[in-house]
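Protein chains: 2
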Amino acid sequence: MIRINPNFLAYIEILVQKHLDYFILEEYATREVILKQNKHYHSLYIIKSGITKCYLSDENGKDFIQEFLGEGMEFGELEVFSGNLSFCNIEAISNVKLYKISHKNYTSLLENDSVFNKLVMKSLAAKIAYKAPRHSFQQSYSIEENIIKLKKSYPNFDKIFSKKDIANYLGITLRSLNRTLNNLN
Amino acid sequence: MIRINPNFLAYIEILVQKHLDYFILEEYATREVILKQNKHYHSLYIIKSGITKCYLSDENGKDFIQEFLGEGMEFGELEVFSGNLSFCNIEAISNVKLYKISHKNYTSLLENDSVFNKLVMKSLAAKIAYKAPRHSFQQSYSIEENIIKLKKSYPNFDKIFSKKDIANYLGITLRSLNRTLNNLN
DNA sequence: CTTATAAAAGGACAATTGTCCCAACTAAAA
DNA sequence: TTTTAGTTGGGACAATTGTCCTTTTATAAG
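Protein chains in written order, with the working numbering: chain A, 1 to 185; chain B, 1001 to 1185.
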């Protein structure tokens, strides 16, 4: 549910020392929006600490949460490769510390630091490998089965996240979430 | 619906000439299974021509189709980065020609050919950027809206694919697909 | 030509999930 | 303190989707 990548963060911390002018440490408070959908950015972020949610908003105002991102997760990097606009919103759901790096410097690291290059490949591959089974399971199983699965990996998920966020993560309505949680007691 | 990556294929064709011992051209007939879920492989593939489906099977025998893959799409590459078992099945749904390359030679190209490296990055990023909105839309909208959307990008999708495949792509039952197609006439 | 087997289509009913409400509670703002 | 907005919880009903079954047609195999 909360994605992390400690190996990547560890290497970023090394790079921060090595390239003092590449990274800027920023801090955001709960509920602050860090990236907006359909905008053009020139930097991307790596999470040092805290949790964000990555979600897509549609024209009807519905949000769908892709991932909760924790330490070592990067976001905004896809736009470096695609050249397109950002396709999701990123919002802090706790106090968050981030390393910010420009597309330019990121590209330079990719080209000149093979360790970094490999770690980024891994992080992209991991995002795909995570999304595929999740999509499959969410689509094929009932709400009840999905919640049972959530509970197994995050026994107290309903304490960390708001009900609305959990519903948006599962792609269901708040009403359905409540009903199912009731049936499970 | 059918993912393609002509740029990648074009460069692969160049590499095929350059590294004569790296790539093996293989051919598969409709319905042949090329990769199986949860197995350990030492090679991966790039599609030269034809279409495959990439799907996850669950313990109840349900299949969920992740993507239909056309020319220039690679599969089996995630295992190079993760070191894990394959997590989906790949099956030909037309006659298919593939370039097969070992993990070892693939890694060597990644390390020594920066053009190739960049193209692989792009292909990984594109997979993520495709999956995210699809998951979001499928989860948040009705079957009817999903089928209308399909029809827009693939007006004759019901001629190319079997009804069962379309249902498995949308994560719905065959019955629901038929019913909705009827209502739409 | 027969016989399996798979694909397509849809009826009838049950289960799941969403929509539209209203009410209680909390926390922050005036 | 009062007010406002956000979060939680759930009743009642409607709409959507799935399950189970049967029939027909097409396709491949013997």
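The beta-carbon is built from N, C-alpha and C at its ideal position, and this holds for glycine as well.
One question on the structure: do S82(A) and A1126(B) come within less than 8 Å of each other, judged by their Cβ atoms? Taking the first sequence and counting its residues from 1, the one referred to as residue 82(A) is at position 82. Taking the second sequence and counting its residues from 1, the one referred to as residue 1126(B) is at position 126. Yes, Cβ-Cβ distance for S82(A) and A1126(B) is below 8 Å.
Taking just the CA atoms, how far does E1032(B) sit from K1088(B)? Within the second sequence, numbered from 1, the residue matching residue 1088(B) stands at position 88. Within the second sequence, numbered from 1, the residue matching residue 1032(B) stands at position 32. Contrary to the premise, residue 1088(B) reads as Cys rather than Lys in this sequence. Rounded to whole angstroms, C1088(B) to E1032(B) spans 15 Å at the Cα level.
Got a sec: is the Cβ-Cβ distance from F1023(B) to anything in chain A below 8 Å? By one-based count along the second sequence, residue 1023(B) stands at place 23. No, F1023(B) does not count as interfacial toward chain A.
Flag E1111(B) as yes if its beta-carbon sits less than 8 Å from any beta-carbon of chain A, otherwise no. Along the second sequence, read from residue 1 onward, the residue named residue 1111(B) stands at position 111. Closer than 8 Å: yes.
Put S136(A) into one of helix, strand or coil per three-state DSSP. Here the question's residue 136(A) lines up with position 136 in the first sequence. In this structure, S136(A) counts as helix in the three-state DSSP scheme.
Any residues in the segment 77-90 of chain A with a beta carbon nearer than 7 Å to a beta carbon of chain B? Which ones, in chain order? L78, F81, S82, F87, C88
For a test of the three-state rule: what should DSSP assign to Q1017(B), helix, strand or coil? Taking the first residue of the second sequence as 1, we reach residue 1017(B) at position 17. Helix, per DSSP.
Closest by C-alpha distance to I1065(B), when choosing among L1110(B), I1172(B), N1183(B): Position 65 of the second sequence holds residue 1065(B). Answer by Cα proximity: I1172(B).
Considering only C-alpha positions, which residue in the set S1094(B), V1080(B), Y1055(B), L1085(B) is nearest to L1109(B)? Numbered from its first residue, the second sequence carries residue 1109(B) at position 109. Taking only the C-alpha atoms, the option nearest L1109(B) is V1080(B).
Determine which residues share a DSSP beta bridge with L35(A) and list them. Walking along the first sequence from the start, residue 35(A) turns up at place 35. I90(A), per the DSSP bridge assignment.
S1043(B) - partner residues in DSSP beta bridges: Position 43 of the second sequence, counted from the first residue, corresponds to residue 1043(B). S1043(B) pairs with S1102(B).
Mind checking if I166(A) is an interface residue toward chain B, Cβ cutoff 8 Å exclusive? By one-based count along the first sequence, residue 166(A) stands at place 166. Judged by the 8 Å Cβ criterion, I166(A) is not in contact with chain B.
Run of the alpha helix (DSSP H) containing I1065(B), from where it starts to where it stops: Within the second sequence, the letter at position 65 stands for residue 1065(B). Careful: I1065(B) lies outside any alpha helix (DSSP H), inside the beta strand (DSSP E) at 1063-1069.
Once DSSP output is grouped into helix, strand and coil, what is the label at T30(A)? Along the first sequence, read from residue 1 onward, the residue named residue 30(A) stands at position 30. Note: T30(A) maps to coil in three-state DSSP.
Name the chain A residues that come within less than 7 Å of S1142(B), Cβ to Cβ? In the second sequence, residue 1142(B) corresponds to position 142, counting from 1. Chain A residues near S1142(B): none, gap ~12 Å exceeds 7 Å.
So which residues on chain A does I1128(B) lean against when the C-beta distance must stay under 8 Å? Locating residue 1128(B) in the second sequence gives position 128, counting from the first residue. Within 8 Å Cβ-Cβ: L78, L124, K127, I128, K131.
Using a cut-off of 7 Å between C-beta atoms, extract the partners of F64(A) located in chain B. Taking the first residue of the first sequence as 1, we reach residue 64(A) at position 64. S1136, Q1139, S1140, listed in chain order.
Please report how far the alpha carbon of P1155(B) lies from the alpha carbon of F1068(B), in whole angstroms. Within the second sequence, numbered from 1, the residue matching residue 1155(B) stands at position 155. Within the second sequence, numbered from 1, the residue matching residue 1068(B) stands at position 68. One C-alpha to the other measures close to 16 Å.
Kindly indicate if chain B contains any beta-carbon less than 8 Å away from that of L35(A). The sequence position of residue 35(A) within the first sequence is 35, counting from 1. Output row for L35(A): interface = no.
Residue span of the alpha helix (DSSP H) that contains T52(A), given as start and end: As a working note, residue 52(A) is residue 52 in the first sequence. No alpha helix (DSSP H) contains T52(A), which is instead part of the beta strand (DSSP E) from 52-57.
Quick check on L1056(B) - is its C-beta less than 8 Å from some C-beta in chain A? Start at 1 with the first residue of the second sequence, and residue 1056(B) comes out as number 56. Answer yes: the Cβ-Cβ gap between L1056(B) and chain A drops below 8 Å somewhere.
Judging by CA-CA distance, which residue of Y1041(B), T1107(B), M1121(B) is the nearest neighbour of L1085(B)? Locating residue 1085(B) in the second sequence gives position 85, counting from the first residue. When only C-alpha atoms are compared, the closest one is Y1041(B).
Contacts of N1117(B) in chain A (Cβ-Cβ under 9 Å): The sequence position of residue 1117(B) within the second sequence is 117, counting from 1. Near N1117(B) (Cβ distances below 9 Å), the residues of chain A are L110, E111, N117, M121.
Please return the same chain residues whose Cβ sits closer than 7 Å to the Cβ of V1016(B), not counting the five positions on each side in sequence. As a first step, residue 1016(B) is located in the second sequence; it is residue number 16 there, counting from the start. Result list for V1016(B): F1023, Y1099, in chain order.
Spell out whether any CB of chain A is found under 8 Å from the CB atom of S1102(B). Locating residue 1102(B) in the second sequence gives position 102, counting from the first residue. Cβ-Cβ to chain A under 8 Å: no for S1102(B).
Output yes if chain A places a C-beta closer than 8 Å to the C-beta of S1153(B); else output no. By one-based count along the second sequence, residue 1153(B) stands at place 153. S1153(B) does not count as touching chain A.
Interface residues of chain A around S1114(B) at Cβ under 9 Å? For the purposes of this step, residue 1114(B) is taken as residue 114 along the second sequence, with counting starting at 1. Within chain A, the residues near S1114(B) are E111.
Cβ of G1072(B) within 8 Å of any chain A Cβ: The count along the second sequence starts at 1 and reaches residue 1072(B) at position 72. No - not a single Cβ of chain A is within 8 Å of the one on G1072(B).
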